[in-house]
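*Asks:* Under my numbering, residues 235 to 888 are what the sequence shown spells out, in order.
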Amino acid sequence: MSSSIRPWSGPSFRHRVRDWLLEGRADSARQQPGPHAQPPDPDGRHSWWKVMCLTGVDYFSTLGYQPGIAALAAGVLSPVATVVLVVVTLAGALPVYRRVAEESPHGQGSIAMLERLLTFWRGKVFVLVLLGFAATDFLITITLSAADATAHVVENPAVAHVLHGHEVVITLLLIAFLGAVFLKGFTEAVGIAVVLVGVYLALNVVVVAVGLWHVGTGPHVVGDWSRALTAEHGSPLAMVGVALLVFPKLALGLSGFETGVAVMPHVEGEPGDTEKRPVGRIKGAKKLLTTAAAIMSVFLITSSLITTWLIPQDAFEPGGEANGRALAFLAHRYLGNGFGSVYDVSTIAILWFAGASAMAGLLNLMPRYLPRYGMAPAWARAVRPMVLVFISLAFLVTWIFDADVNAQGGAYATGVLVLITSAAIAVTIAARRAGQRGWTIGFGLISAVFLYTTGDNIVARPDGVQIGACFIAGIIAVSLLSRIWRAFELRVSSVTLDPVAESFVRDVAHRRIRFIANEPDARDEAEYQDKLHQIRADNDIPSEEDLIFVEVTVRDASEFESELTVNGAVLHGRYRVLTLESSTVPNALAALLLHVRDTTGRRPHIYFEWTEGSPLSHFVRFFFFGQGEVAPVTREVLREAEADRARRPHVHVG
């Protein structure tokens with residue numbers, strides 16, 4: 235008796251898993267939902283204040299840990315150091331990113347601005363380095379935010395006795411839940427962000443107001459602080475000097491600006507906007523950046539004041555009740571455990587969602603650059619495999635840092651500062667090229683401030699740049715391996731022939747189509763005559779057969795994909811020549827041959843001469859400079875592109 239139930243098939247199950255992982259691979263960079271995705275149409279755009287909340291889940295959520303970090307770094311000088319941070323925010327980072335919004339209104343950010351300034355391989359390598367620091371910024375946002383959310387969980391009086399000592403496990407669970415959300419799908423980001431940010435800011439207003447009331451009604455609070463400040467630092471000038479030295483440790487409060495530019499495609503524009511110059515979107519983005527910076531500045535100063543004045547210094551130390559959760563500590567102390575628990579839940583939610591914003595940033599930032607460079611495996615265009623990669627890295631970082639907020643602060647600050655510094659340098663160069671002398675000087679001074687801050691942070695907290703270096707090394711290694719792996723792809727998105735080139739192809743379409751691959755040199759009559767004679771002799775081609783020269787000029791070999799425009803010309807009154815520009819010679823020739831085959835219905839022939847020299851050196855030349863041993867590579871590209879030998883164009887080498 236046979237069963238009607240078919241046995242489970244291992245390979246079939248693997249194929250289903252593979253299809254699920256790679257679902258939506260082709261255009262995932264555009265379709266990925268979340269704070270950093272590109273809206274598919276104008277209906278996906280929102281008012282600037284709503285989009286501001288997308289920035290806010292990253293920016294405003296730092297209130298969960300920033301006051302405590304400031305207190306640890308500056309002690310009683312924390313409010314003064316925070317004022318320095320606010321000045322740098324409003325007079326430095328804000329003007330820089332308002333200019334970035336003008337220069338890259340489609341959400342490309344400062345990386346794209348710098349990419350335009352540098353060409354060829356040095357530009358690509360520079361972008362990969364910045365991507366490494368951006369990955370550090372976003373990944374540490376996920377792990378640090380989850381770790382701080384865990385701190386709010388385990389320090390809640392209702393569960394503290396049960397959960398203490400399990401911080402790493404809880405943090406890993408939060409990160410895993412974040413990954414599960416992205417594996418399932420991540421939608422309605424704007425609506426969720428508006429609710430979370432609105433509730434969180436409202437609760438913080440209550441905590442800050444109650445804290446200021448206790449300061450105002452408490453005897454000697456401000457006086458005791460003032461005396462302690464004078465005793466430790468003496469004159470106001472000394473206080474400002476120390477605050478400037480301490481400032482780099484507070485750089486976490488500058489996070490969110492790069493995110494603010496990245497969400498620009500979500501900002502609703504004006505009726506007259508065009509894709510080339512979306513004036514309304516730029517205005518909305520500037521309002522977004524300015525309002526977010528103003529709100530955050532008020533909260534940074536007031537939260538620093540009340541936490542410094544009302545919380546004992548030892549409570550900020552690792553293991554202290556206010557460590558990583560200073561405002562939550564005040565919420566429980568002055569408003570009761572009920573309100574404190576509500577505040578904890580709100581803080582946990584926005585910190586977790588800050589990780590979601592960072593994950594969406596990673597998923598959209600990497601596909602924006604790496605596939606275009608040919609420096610990402612094919613599966614990198616799909617969301618789910620990348621989610622698994624980033625979640626695995628987040629697990630590793632959490633385990634290395636033992637889910638400690640303070641231990642990850644240096645790496646986070648390094649990523650933030652490198653991106654802001656690169657943005658400051660980019661707008662300085664842009665202002666100089668525009669002939670704006672005043673802005674050039676102003677942005678130059680801001681760049682100097684951020685260069686100092688970044689350098690000081692790297693010296694004081696080298697772990698940040700070490701992590702960034704690991705990401706950079708990993709990205710470059712994977713990129714180069716991917717580029718080698720994909721070297722023999724067709725790499726041409728379209729082929730267009732001008733009328734003269736079309737007439738050449740049409741003229742020989744009823745006969746045997748023969749092309750000669752020629753490396754242009756002097757382009758005099760003797761060059762073409764000698765080449766034609768050599769090809770006819772090597773391949774025994776009768777003199778009555780027509781041959782057309784094809785010449786490829788390499789402009790930027792570092793580009794991966796290109797569009798081909800083929801121009802035809804008759805040189806020296808007798809030689810028909812097709813000329814085209816591309817990033818690589820073999821791939822361009824293969825694309826032209828396939829295009830001619832498809833338009834004429836006939837398999838063309840192309841003739842080469844062998845190139846003298848080492849095959850290895852020729853491959854290196856092909857990889858980096860788009861040239862080298864052209865004949866075998868052209869044949870290999872054709873083999874990859876056309877599996878049917880009966881339809882593959884002919885390649886002859888003599």
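Don't be surprised by glycine CBs; every beta carbon is placed ideally from N, CA and C. Predicted model only: the values in this text are computed from it and were never measured.
Buried or exposed: residue 458, going by 16 or more other Cβ atoms within 10 Å of its Cβ?
*Replies:* exposed
*Asks:* Pick out the complete beta strand (DSSP E) segments inside the stretch 764–829, 3 residues or longer, and give them in chain order.
*Replies:* 782–788, 796–805, 809–816
*Asks:* By how many angstroms is the C-alpha of residue 656 removed from the C-alpha of residue 590?
*Replies:* 24 Å
*Asks:* Does the structure place the stretch 868–875 close enough to the stretch 717–724 that three or more beta carbon pairs sit under 8 Å?
*Replies:* yes
*Asks:* Going by beta-carbon coordinates alone, are residue 446 and residue 536 separated by less than 8 Å?
*Replies:* yes
*Asks:* Taking the straight line between their C-alpha atoms, what separation do you get for residue 489 and residue 587?
*Replies:* 15 Å
*Asks:* Is it the case that the Cβ atoms of residue 645 and residue 296 are separated by a distance below 8 Å?
*Replies:* no
*Asks:* Along the chain, which unbroken stretches of the alpha helix (DSSP H) at least 4 residues long are found entirely within the stretch 486–557?
*Replies:* 491–496, 513–544
*Asks:* Could you compute how far the alpha carbon of residue 660 sits from the alpha carbon of residue 527?
*Replies:* 21 Å
*Asks:* In this structure, how does DSSP classify residue 737 when only helix, strand and coil are distinguished?
*Replies:* helix
*Asks:* Does the distance from the C-beta atom of residue 538 to that of residue 696 stay below 8 Å?
*Replies:* no
*Asks:* Less than 7 Å between C-beta atoms, sequence neighbours within five positions excluded: which residues of the same chain meet that for residue 871?
*Replies:* Only 722, 724, 820, 821, 824 meet the Cβ criterion.
*Asks:* Taking residue 592 as the reference, give the member of 292, 286, 765 with the closest Cα.
*Replies:* For residue 592, the closest C-alpha among the options 292, 286, 765 is that of 292.
*Asks:* Across the stretch 460–470 and the stretch 626–640, are there enough close Cβ pairs to call them in contact, namely three or more that are closer than 8 Å?
*Replies:* no
*Asks:* Under the three-state reduction of DSSP, which class applies to residue 603: helix, strand or coil?
*Replies:* Secondary structure of residue 603 (DSSP, three-state): helix.
*Asks:* In the DSSP assignment, find the beta strand (DSSP E) that holds residue 885 and state where it starts and stops.
*Replies:* Per DSSP, residue 885 belongs to the beta strand (DSSP E) from 884–887.
*Asks:* How is residue 338 classed by DSSP in three states: helix, strand or coil?
*Replies:* In the three-state scheme derived from DSSP, where H, G and I count as helix and E and B as strand, residue 338 is classed as coil.
*Asks:* Exposed or buried, residue 880, counting other C-beta atoms within 10 Å across all chains shown (16 or more means buried)?
*Replies:* exposed
*Asks:* In the DSSP assignment, find the alpha helix (DSSP H) that holds residue 625 and state where it starts and stops.
*Replies:* In this chain, the alpha helix (DSSP H) harbouring residue 625 covers 617–635.
*Asks:* Taking Cβ to Cβ, would you say residue 330 is nearer than 8 Å to residue 343?
*Replies:* Residue 330 places its beta carbon 8 Å or farther from that of residue 343.
*Asks:* Using 10 angstroms around the beta-carbon of residue 816, count the other beta-carbons present and answer buried if the total reaches 16, otherwise exposed.
*Replies:* Counting of Cβ neighbours within 10 angstroms places residue 816 among the buried residues, the total reaching 16 or more.
*Asks:* Just mark residue 326 as buried or exposed, buried being the case when its beta carbon has 16 or more other beta carbons within 10 Å.
*Replies:* With 16 or more Cβ atoms within 10 Å of its Cβ, residue 326 is classed as buried.
*Asks:* Residue 572 to residue 566, Cα distance in whole Å?
*Replies:* 8 Å
*Asks:* Count the other CB atoms within 10 Å of the CB of residue 740; is the residue buried (16 or more) or exposed (fewer)?
*Replies:* exposed
*Asks:* Report the CB separation of residue 523 from residue 332 in whole angstroms; it is logged as a contact under 8 Å.
*Replies:* 6 Å
*Asks:* Can you round the beta-carbon distance between residue 744 and residue 499 to whole angstroms, since I take them to be within the 8 Å contact cut?
*Replies:* Contact flag wrong, Cβ pair sits at about 50 Å.
*Asks:* In angstroms with no decimal places, state the Cα-to-Cα distance between residue 261 and residue 828.
*Replies:* In this predicted model, residue 261 has a pLDDT of only 43, less than 50, meaning its place in the structure is not dependable; the value taken from the coordinates is given anyway. The C-alpha of residue 261 lies about 25 Å from the C-alpha of residue 828.
*Asks:* With a cut-off of 8 Å on the beta carbons, I'd call residue 560 and residue 290 a contact; round off their distance for me.
*Replies:* Contact doesn't hold; Cβ gap of about 19 Å is too wide.
*Asks:* Do the CB positions of residue 778 and residue 811 come within less than 8 Å of each other?
*Replies:* Judged by beta-carbon spacing, residue 811 lies beyond the 8 Å limit of residue 778, meaning their Cβ atoms are not closer than that value.
*Asks:* Can you give me the Cβ contacts of residue 683 inside the same chain, cut-off strictly under 7 Å, excluding the 5 residues immediately before and after it?
*Replies:* These residues qualify, in order along the chain: 322, 326.
*Asks:* Rounded to a whole number of angstroms, what is the C-alpha to C-alpha distance between residue 414 and residue 796?
*Replies:* 37 Å
*Asks:* Using a Cβ-Cβ cutoff of less than 7 Å, which residues in the same chain neighbour residue 928 once the five nearest sequence positions on both sides are dropped?
*Replies:* The structure shown does not extend to residue 928, since the chain is modelled only from 235 through 888, so no value can be given for it.
*Asks:* I think residue 360 touches residue 373, with their Cβ atoms under 8 Å apart; what is that distance to the nearest whole Å?
*Replies:* Contact doesn't hold; Cβ gap of about 20 Å is too wide.
*Asks:* Buried or exposed: which applies to residue 718, given that a residue is buried once 16 or more other Cβ atoms fall within 10 Å of its Cβ?
*Replies:* exposed
*Asks:* Using a Cβ-Cβ cut-off of 8 Å, state whether residue 649 counts as contacting chain C.
*Replies:* Among the chains in the structure shown there is no chain C, since it carries only a single protein chain.
*Asks:* In the DSSP assignment, find the unbroken alpha helix (DSSP H) run with residue 415 in it and report its ends.
*Replies:* 401–418
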